[in-house]
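Single-structure report; data block below.
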Amino acid sequence: MADAPSRASQRVAIPAGRFDDAPFIRACRRQSVPHVPVWFMRQAGRSLPEYRAARGPGSILDAIAQPDLVAELTLQPVDRYGTDAAIFFSDIVVPVAAVGFGVDVTPGTGPVVAQPFRSRDDLRRLRPLEPEIDTPYVVEAVSQLAATLDVPLIGFAGGPFTVASYLIEGGPSKNFTKVKSLMHSDPKLWADLMGVLTTMAVTSLRSQLDAGASAIQVFDSWAGILAPQYYESMVLPFTKRLVAEVETSHPGTPTILFGVGTGELLPLMATAGTSVVGIDWRVPLDEARLRVGPDRAIQGNLDPALCLAGWDVAAEATREVLARAGRAPGHIFNLGHGVLPETDPGILEQVVELVHAEGRAGVEETIQEERP
Ligand code: CP3
Numbered sequence: 039m040a041d042a043p044s045r046a047s048q049r050v051a052i053p054a055g056r057f058d059d060a061p062f063i064r065a066c067r068r069q070s071v072p073h074v075p076v077w078f079m080r081q082a083g084r085s086l087p088e089y090r091a092a093r094g095p096g097s098i099l100d101a102i103a104q105p106d107l108v109a110e111l112t113l114q115p116v117d118r119y120g121t122d123a124a125i126f127f128s129d130i131v132v133p134v135a136a137v138g139f140g141v142d143v144t145p146g147t148g149p150v151v152a153q154p155f156r157s158r159d160d161l162r163r164l165r166p167l168e169p170e171i172d173t174p175y176v177v178e179a180v181s182q183l184a185a186t187l188d189v190p191l192i193g194f195a196g197g198p199f200t201v202a203s204y205l206i207e208g209g210p211s212k213n214f215t216k217v218k219s220l221m222h223s224d225p226k227l228w229a230d231l232m233g234v235l236t237t238m239a240v241t242s243l244r245s246q247l248d249a250g251a252s253a254i255q256v257f258d259s260w261a262g263i264l265a266p267q268y269y270e271s272m273v274l275p276f277t278k279r280l281v282a283e284v285e286t287s288h289p290g291t292p293t294i295l296f297g298v299g300t301g302e303l304l305p306l307m308a309t310a311g312t313s314v315v316g317i318d319w320r321v322p323l324d325e326a327r328l329r330v331g332p333d334r335a336i337q338g339n340l341d342p343a344l345c346l347a348g349w350d351v352a353a354e355a356t357r358e359v360l361a362r363a364g365r366a367p368g369h370i371f372n373l374g375h376g377v378l379p380e381t382d383p384g385i386l387e388q389v390v391e392l393v394h395a396e397g398r399a400g401v402e403e404t405i406q407e408e409r410p
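Letter by letter, the sequence shown follows residues 39 to 410 in my numbering.
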């Protein structure tokens, strides 16, 4: 641990803006692209035989703490599929686990918390994150990847609401009753918890950007459980602060905000300040464009379950997504949520080929054709 800062100072500096011409970065900025860029949430993981072979048994948190393994797992789907971006292999609970809150990730279940967050006293269990000391393996793995990759690396953090939901519920939840009770019975404690988790997310994201990540995604996966008025008053202000602080330290960095079941929240999410809003499969992209407005790029939104129904179904659904996205610039193709473990990687390979061949949103010659 003591040598972490000196290792950091020896790191090779990666010039910021190295991937400014990459289709993924250009699409985030709503610039013209040679083809619609594509990556998949959870592209690394159990659907890949090479992942299962390399990962071994044990908690994913142990795997995440090994930079060489993390670099390998991050590269696997990029090599196999030819995606336009890599997503850093880690988990949204890594920062809270690293400061000692007592979180593990159980295979087949997800994050589990031994002593859930219940009262003001529990705030003391969330000391500030010091990336060089608490998560040096993240900094190390991102640096390795930034030096190796020929596509942009997306760093990420959990949205404060989604991370709070795991801490309060103690694990995955269907109805989020404990979170909602705390939000409404003790709004002051809720705001303090959100404040702490927002700062932790910013610290983690800055460490990933400093180490060479080219963009970031905020996974506020479960925010869609909230009614818009409470999302707006009790979550969005923190997301806005998070995005603003990343923009202050790393101006111009493409940022993506994603959640599931957020159809009613999209107009609000569009005000968080990110360059891109991620859309799940429930809202067609033409409708999503109307809901987020013209100033944001959109990402999505093939239903991951349709990748299990054979190539003909997946191909038709992929074309439908491209058609709905239309020809305006600013579409990044993705699934509407993460790759399901039972997905045949061959199907995703074909999806990438099809998107690259037929995805025309913001394509350079299209824009020239349309010029008067
Ligand atoms: O390609 C990638 O996206 C890999 C990196 C990644 C993981 N988790 C690895 C992982 C990312 C971006 C995440 C984010 C994450 N983690 C989210 C947000 C994304 C989403 O799906 O909404 C959430 C909600 C979590 C919490 C979490 N961690 C869950 C729900 C699970 C699945 C539990 C299970 O076993 O089904 C995890 C574990 C986890 N994180 C796996 C992977 C590849 C499962 C595989 C394993 O244990 O090896």
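A virtual CB, placed ideally from N, CA and C, is assigned to each residue, including glycine.
Compute the Euclidean distance between the alpha carbons of alanine 54 and threonine 215, then round it to the nearest angstrom. The residue given as residue 54 occupies position 16 in the sequence shown. The residue given as residue 215 occupies position 177 in the sequence shown. Those two C-alpha atoms are separated by around 43 Å.
Closest by CA to proline 154, which one among Ile206, Val108 and Thr144? The residue given as residue 154 occupies position 116 in the sequence shown. Measuring from the Cα of proline 154, the nearest candidate turns out to be Ile206.
Are three or more beta carbon pairs between the stretch 308-320 and the stretch 333-349 nearer than 8 Å? yes
When DSSP labels each residue in this structure, what does threonine 121 get in the three-state scheme? On the sequence shown, residue 121 is found 83 positions in, with the first residue counted as 1. Correct three-state label for threonine 121: coil.
Is the beta carbon of leucine 344 sitting closer than 9 Å to the one on alanine 355? Walking along the sequence shown from the start, residue 344 turns up at place 306. Walking along the sequence shown from the start, residue 355 turns up at place 317. Between leucine 344 and alanine 355, the C-beta gap is smaller than 9 Å, which places the two residues in contact.
If you follow the alpha helix (DSSP H) that glycine 233 is part of, which residue opens it and which one closes it? Walking along the sequence shown from the start, residue 233 turns up at place 195. Note, glycine 233: alpha helix (DSSP H), 225-248.
Under 9 Å between C-beta atoms of valine 273 and glycine 83: As a working note, residue 273 is residue 235 in the sequence shown. As a working note, residue 83 is residue 45 in the sequence shown. When the beta-carbon positions are compared, valine 273 and glycine 83 stay at least 9 Å from each other.
Pick out the complete alpha helix (DSSP H) segments inside the stretch 64-126, 4 residues or longer, and give them in chain order. 87-93, 98-102 and 105-119
Give the straight-line distance between the Cα atoms of glycine 242 and alanine 184, rounded to the nearest whole angstrom. Residue numbering aside, residue 242 sits at position 204 when the sequence shown is read from its first letter. Residue numbering aside, residue 184 sits at position 146 when the sequence shown is read from its first letter. The sequence given here places serine at residue 242; glycine does not occur at that position. Between serine 242 and alanine 184, the C-alpha separation is close to 16 Å.
Could you tell me whether the Cβ atoms of glutamine 182 and alanine 123 are closer together than 9 Å? As a working mapping, residue 182 is identified with position 144 in the sequence shown. As a working mapping, residue 123 is identified with position 85 in the sequence shown. Result no, Cβ atoms of glutamine 182 and alanine 123 do not sit closer than 9 Å.
Excluding the five sequence neighbours on either side, which residues of its own chain have a C-beta within less than 6 Å of the C-beta of serine 245, listed in chain order? Here residue 245 corresponds to residue number 207 of the sequence shown, with the count starting at 1. Closer than 6 Å at Cβ, skipping near neighbours: Pro169 and Val177.
Around the C-beta of arginine 329, are 16 or more other C-beta atoms found within 10 angstroms, so that it is buried, or is it exposed? Against the sequence shown, residue 329 aligns to sequence position 291. That one is buried.
By Cβ distance, which residues of its chain are closer than 6 Å to phenylalanine 127, with the 5 residues on each side in sequence left out? In the sequence shown, the residue the question calls residue 127 occupies position 89. These residues qualify, in order along the chain: Ala82, Val108, Leu111 and Thr112.
Where proline 133 falls: helix, strand or coil (DSSP): On the sequence shown, residue 133 is found 95 positions in, with the first residue counted as 1. Note: proline 133 maps to helix in three-state DSSP.
By the 10 Å Cβ neighbour count, where 16 or more other Cβ atoms means buried, how is glutamine 48 classified, buried or exposed? Here the question's residue 48 lines up with position 10 in the sequence shown. With a pLDDT of only 46 at glutamine 48, under 50, the local geometry of the prediction cannot be trusted, and the value read off the model is given with reservation. When all chains shown are included, glutamine 48 counts as exposed.
Let's test the definition: count the other Cβ atoms within 10 Å of the Cβ of alanine 91 and tell me whether it reaches 16, buried, or not, exposed. As a working mapping, residue 91 is identified with position 53 in the sequence shown. Classification of alanine 91: exposed, given that the 10 Å Cβ count is below 16.
Contacts around valine 217, its chain only, beta-carbon distance under 7 Å, and the 5 residues preceding and following it disregarded: Indexing the sequence shown from 1 puts residue 217 at position 179. These residues qualify, in order along the chain: Ala202, Ser203, Ile206 and Glu207.
Looking at the unbroken alpha helix (DSSP H) that takes in proline 383, where does it start and where does it end? Taking the sequence shown and counting its residues from 1, the one referred to as residue 383 is at position 345. Note, proline 383: alpha helix (DSSP H), 383-396.
Helix, strand or coil: which one does DSSP assign to serine 44? The residue given as residue 44 occupies position 6 in the sequence shown. With a pLDDT of only 38 at serine 44, under the threshold of 50, the placement of this residue in the model should not be trusted; the figure read from the coordinates follows. DSSP places serine 44 in helix when its eight states are reduced to three.
Drop a sphere of 10 angstroms on the beta-carbon of proline 210, count the other beta-carbons inside from all chains shown, and report buried for 16 or more, exposed for fewer. Mapped onto the sequence shown, residue 210 falls at position 172. Exposed: under 16 other Cβ atoms inside 10 Å.
Is it true that the CB of proline 166 sits closer than 9 Å to the CB of threonine 237? Counting from 1 along the sequence shown, the entry for residue 237 is found at position 199. Counting from 1 along the sequence shown, the entry for residue 166 is found at position 128. Going by C-beta atoms, threonine 237 is nearer than 9 Å to proline 166.
Skipping 5 residues on each side, what residues in its chain have a beta carbon closer than 6 Å to that of valine 298? The count along the sequence shown starts at 1 and reaches residue 298 at position 260. Cβ neighbours of valine 298 beyond the five flanking positions: Ser259, Gly262, Asp318 and His375.
At a threshold of 8 Å, does alanine 101 count as lining the ligand CP3 (C-beta to nearest heavy atom)? One-based indexing of the sequence shown puts residue 101 at position 63. Result yes, Cβ under 8 Å from the ligand CP3.
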